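Asks: Taken in sequence, the protein lines are chains S and L.
Each residue of the first sequence is one higher than the last, beginning at 7 in the numbering used here.
Each residue of the second sequence is one higher than the last, beginning at 7 in the numbering used here.
Number of protein chains: 2
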Amino acid sequence: MKTYREYCALAQALDVVGERWTLLIVRELLIQGACRYTDLRNGLPGIATNLLAERLREMEKAGLVSREDAPPPVATTLFRLTKRGEELKPVVEALGRWGGPLVARPIADEEFRSHWLALPIELHLTDNAPHEPPITIEVRTGGEPMLVETVDGRVRARPGSSDHPNAVVSGTASQLLGLLTGKIDLAEARRRGAKFEGDPKALDRVQPRP
Amino acid sequence: MKTYREYCALAQALDVVGERWTLLIVRELLIQGACRYTDLRNGLPGIATNLLAERLREMEKAGLVSREDAPPPVATTLFRLTKRGEELKPVVEALGRWGGPLVARPIADEEFRSHWLALPIELHLTDNAPHEPPITIEVRTGGEPMLVETVDGRVRARPGSSDHPNAVVSGTASQLLGLLTGKIDLAEARRRGAKFEGDPKALDRVQPRP
DNA sequence: CAGCATCCGCTTTGATACTG
DNA sequence: CAGTATCAAAGCGGATGCTG
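Here is the structure:
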């Protein structure tokens, strides 16, 4: 990217992360941790492969990303955020918060990956009873299932499933997003076609209090 | 900008504000309030005039900016952030904070406008004695002077000068930035060529406490 | 198959000139 | 002052091919 050539922290930040795709690559690495090239491509529908390679090189040079060889038997390259790269989390969160209203609607003709739910979940959900025993909700939509867990008074989301979750929800991305962020209640979510099994109190536990 | 077509708040936010120049236009309007076209051009060195016009049109359509005719006798068009546009402040602050380390060095061959100091000043400075009478520091560098004031326990910065400031500092952008954000002390700033007149306690009042 | 590099057509940007 | 018009250069997207 052509630099703005301004002595201004904002402009210099944009010189580094303002190019197309860069912050979405950061999103993938924040959510998924260390990623293979192919994992990144799957999480970034529409990116041209040469652009992904170029961005990763630039981000490595800028100190945002490090490249490491996975130990045998995997023997593949892993990309990981550096400390400096992780520090972009507040930027991603601020943008995600601002963009929240833009996805408060049914999903249109857009791509979706279930692990993207991790962002709004960790942004909007809270543990309303941090001293109770932890709970787990399994969230199923589209591809891989996600686990929503209370831990240390925070709500965490990660790919995976559980043998004994307190509840299991499934539905479209917008149904689950609306339900989890408390924009709609369980009855409304069911009316719209979402499925919920297990303890409704688990949902109350993490939905943001109005 | 081509949209990412992802059902993700971050991607949708970037669809709106991710294009080149857009967040810098937001910076100008956040710092300066309502601006004429020419004011914006002056605060965005290097922008092509057709791009500025195009971005303003897009931002108006996206609901970030409104256009109003200034009352006589000025009779010019003013651009102003809408409520939705103002809500980008946390995004600009997060990026500015992340970019801070990138300008913790002498100014190189880069453009600088004194009003850009408002961002780091309001971001890093605090009123360390909110119950004392308010103070004012005049900051002179490059073009127009800036005023740094304590008000309601916060530190505010705006273009302008004062008849009886508690102190007046002048120097290069990097000297003033280093001094105000407490990265260097007064003696060091003077050693590097900055001038300071008035009450050194005014500086102590607002420099961030380590 | 994972991890790219190359090529090509299209879009966006930047610089300059010009206008009501 | 507040833009529009024009055009070259750079960036992007898509397809394809190469290498360990």
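Every residue gets a Cβ at the ideal spot worked out from N, C-alpha and C, and that includes glycine.
Predicted model only: the values in this text are computed from it and were never measured.
Can you tell me whether L:R61 is buried or exposed? The criterion is at least 16 other CB atoms within 10 Å of its CB, across all chains shown.
Replies: Here the question's residue 61 of chain L lines up with position 55 in the second sequence. Result: buried.
Asks: Suppose contacts are defined by Cβ-Cβ distances below 8 Å. Is L:D133 in contact with L:R73 by that definition?
Replies: Translated into the one-based positions of the second sequence, residue 133 of chain L becomes position 127. Translated into the one-based positions of the second sequence, residue 73 of chain L becomes position 67. No; because the gap between Cβ atoms is not below 8 Å, this pair is not in contact.
Asks: Let's see if you can read the secondary structure: which residues bound the beta strand (DSSP E) around S:P165?
Replies: Reading the first sequence from its first residue, position 159 is the one you call residue 165 of chain S. Where S:P165 is concerned, the enclosing beta strand (DSSP E) stretches over R160 to P165.
Asks: Okay, do the region 150-161 of chain S and the region 115-134 of chain S touch, 3+ Cβ pairs below 8 Å being the bar?
Replies: Enough Cβ pairs lie closer than 8 Å, so yes.
Asks: Give me the Cα-Cα distance between L:R63 and L:F85, rounded to the nearest whole angstrom.
Replies: In the second sequence, the residue the question calls residue 63 of chain L occupies position 57. In the second sequence, the residue the question calls residue 85 of chain L occupies position 79. Looking at the two C-alpha atoms, the distance is approximately 11 Å.
Asks: Restricting to Cα atoms, I'd like to know which of S:E203, S:E138, S:N172 and S:P112 is closest to L:L12.
Replies: One-based indexing of the second sequence puts residue 12 of chain L at position 6. It is worth fixing the name first, because residue 12 of chain L is Glu in this sequence and not Leu. Ranking S:E203, S:E138, S:N172 and S:P112 by Cα distance to L:E12 puts S:P112 first.
Asks: Taking DSSP as the reference, what is the three-state secondary structure of L:T142?
Replies: As a working mapping, residue 142 of chain L is identified with position 136 in the second sequence. Here L:T142 sits in strand by DSSP.
Asks: What's the C-alpha gap between L:I31 and L:L46?
Replies: The residue given as residue 31 of chain L occupies position 25 in the second sequence. The residue given as residue 46 of chain L occupies position 40 in the second sequence. About 7 Å.
Asks: Short of 8 Å Cβ to Cβ, which residues in the region 100-116 of chain S face chain L?
Replies: Against chain L - using a Cβ distance shorter than 8 Å - the residues of the region 100-116 of chain S are A100, L101, G102, R103, W104, G105, G106, L108, V109, I113, A114, D115 and E116.
Asks: Assuming contact is defined by CB atoms lying nearer than 8 Å, are L:R42 and L:G69 in contact in what I supplied?
Replies: To locate residue 42 of chain L, count along the second sequence from 1; it is residue 36. To locate residue 69 of chain L, count along the second sequence from 1; it is residue 63. Contact flag unset, no.
Asks: Mapping DSSP to helix, strand and coil, what is S:A15?
Replies: Residue mapping note: residue 15 of chain S aligns to position 9 of the first sequence, counting from 1. Note: S:A15 maps to helix in three-state DSSP.
Asks: Between S:A173 and chain L, is the shortest Cβ-Cβ distance under 8 Å, so that the two count as touching?
Replies: Position 167 of the first sequence, counted from the start, is the residue given in the question as residue 173 of chain S. Not one chain L Cβ lies under 8 Å of S:A173.
Asks: Please report the residue range of the beta strand (DSSP E) in which S:G105 lies.
Replies: In the first sequence, the residue the question calls residue 105 of chain S occupies position 99. From DSSP, S:G105 is part of no beta strand (DSSP E) but of the alpha helix (DSSP H) over K95 to G105.
Asks: Can you find the residues in the same chain that come closer than 7 Å, C-beta to C-beta, to L:S168, ignoring five residues on each side of it along the sequence?
Replies: Indexing the second sequence from 1 puts residue 168 of chain L at position 162. The answer, listed in chain order, is T142, E144 and L153.
Asks: Return yes when the C-beta of S:W104 is under 7 Å from any heavy atom of the ligand ADP, and no when it is not.
Replies: In the structure on display, the ligand ADP does not appear, and there are no ligands present to speak of.
Asks: By the DSSP assignment, the beta strand (DSSP E) with S:M152 in it spans what residues?
Replies: By 1-based counting over the first sequence, the position of residue 152 of chain S is 146. Its beta strand (DSSP E) spans residues M152 to V157.
Asks: Using 8 Å as the limit for Cβ to Cβ distance, is S:L11 near chain L?
Replies: The residue you call residue 11 of chain S lines up with position 5 of the first sequence. Correcting the residue type first, residue 11 of chain S is Arg in the shown sequence and not Leu. Output row for S:R11: interface = yes.
Asks: Could you name the residues that DSSP lists as bridge partners for S:R86?
Replies: Position 80 of the first sequence holds residue 86 of chain S. DSSP output for S:R86 lists S:S72 as bridge partner(s).
Asks: Would you say L:P126 faces chain S, with C-beta separation under 8 Å as the test?
Replies: Indexing the second sequence from 1 puts residue 126 of chain L at position 120. Yes, because at least one Cβ of chain S sits closer than 8 Å to the Cβ of L:P126.
Asks: Excluding the five sequence neighbours on either side, which residues of its own chain have a C-beta within less than 6 Å of the C-beta of S:T9, listed in chain order?
Replies: Mapped onto the first sequence, residue 9 of chain S falls at position 3. Cβ neighbours of S:T9 beyond the five flanking positions: D21.
Asks: Whose Cβ in chain S lies nearer than 9 Å to the Cβ of L:V97?
Replies: Residue numbering aside, residue 97 of chain L sits at position 91 when the second sequence is read from its first letter. Per Cβ cutoff of 9 Å: V97, A100, L101, R103 and W104.
Asks: Can the beta-carbon of S:P171 be found closer than 8 Å to that of S:G204?
Replies: Taking the first residue of the first sequence as position 1, residue 171 of chain S is located at position 165. Taking the first residue of the first sequence as position 1, residue 204 of chain S is located at position 198. Their beta carbons are under 8 Å apart, which means S:P171 touches S:G204 by this criterion.
Asks: On the DSSP bridge list, what partners appear for S:S176?
Replies: Residue numbering aside, residue 176 of chain S sits at position 170 when the first sequence is read from its first letter. Per DSSP, S:R146 and S:K201.
Asks: For L:H137, count neighbouring Cβ atoms within 10 angstroms of its own Cβ and tell me buried if that reaches 16, exposed if not.
Replies: Taking the first residue of the second sequence as position 1, residue 137 of chain L is located at position 131. Result: exposed.
Asks: Based on DSSP bridge pairs, tell me the residues matched to S:E117.
Replies: The residue given as residue 117 of chain S occupies position 111 in the first sequence. Answer by DSSP bridge pairing, in chain order: L:E12.
Asks: Candidates L:G102, L:A135, L:T55 and L:I190: which alpha carbon is nearest L:R33's?
Replies: The residue you call residue 33 of chain L lines up with position 27 of the second sequence. Looking at the Cα atoms, L:G102 is the closest of the given residues.
Asks: Use the C-beta contact count for L:G24: other C-beta atoms within 10 angstroms, 16 or more gives buried, fewer gives exposed.
Replies: Taking the first residue of the second sequence as 1, we reach residue 24 of chain L at position 18. L:G24 comes out buried.
Asks: Between the C-alpha atoms of L:A193 and L:R119, what's the straight-line distance to the nearest angstrom?
Replies: Taking the second sequence and counting its residues from 1, one reaches residue 193 of chain L at position 187. Taking the second sequence and counting its residues from 1, one reaches residue 119 of chain L at position 113. Each residue's alpha carbon lies about 25 Å from the other.
Asks: Assuming L:L185 and L:A195 make a contact with CB atoms under 8 Å, what is their CB distance in whole Å?
Replies: Locating residue 185 of chain L in the second sequence gives position 179, counting from the first residue. Locating residue 195 of chain L in the second sequence gives position 189, counting from the first residue. L:L185 to L:A195, Cβ: 4 Å. Contact.
Asks: Can you list, in chain order, the residues of the region 39-72 of chain L whose Cβ is nearer than 8 Å to any Cβ on chain S?
Replies: Result list: P51 and G52.
Asks: Can you tell me which of L:A15, L:G106, L:Q181 and L:G49 puts its alpha carbon nearest to the alpha carbon of S:Q18?
Replies: Sequence index remark: in the first sequence, residue 18 of chain S carries index 12 (1-based). Minimum Cα distance to S:Q18 is reached at L:G106.
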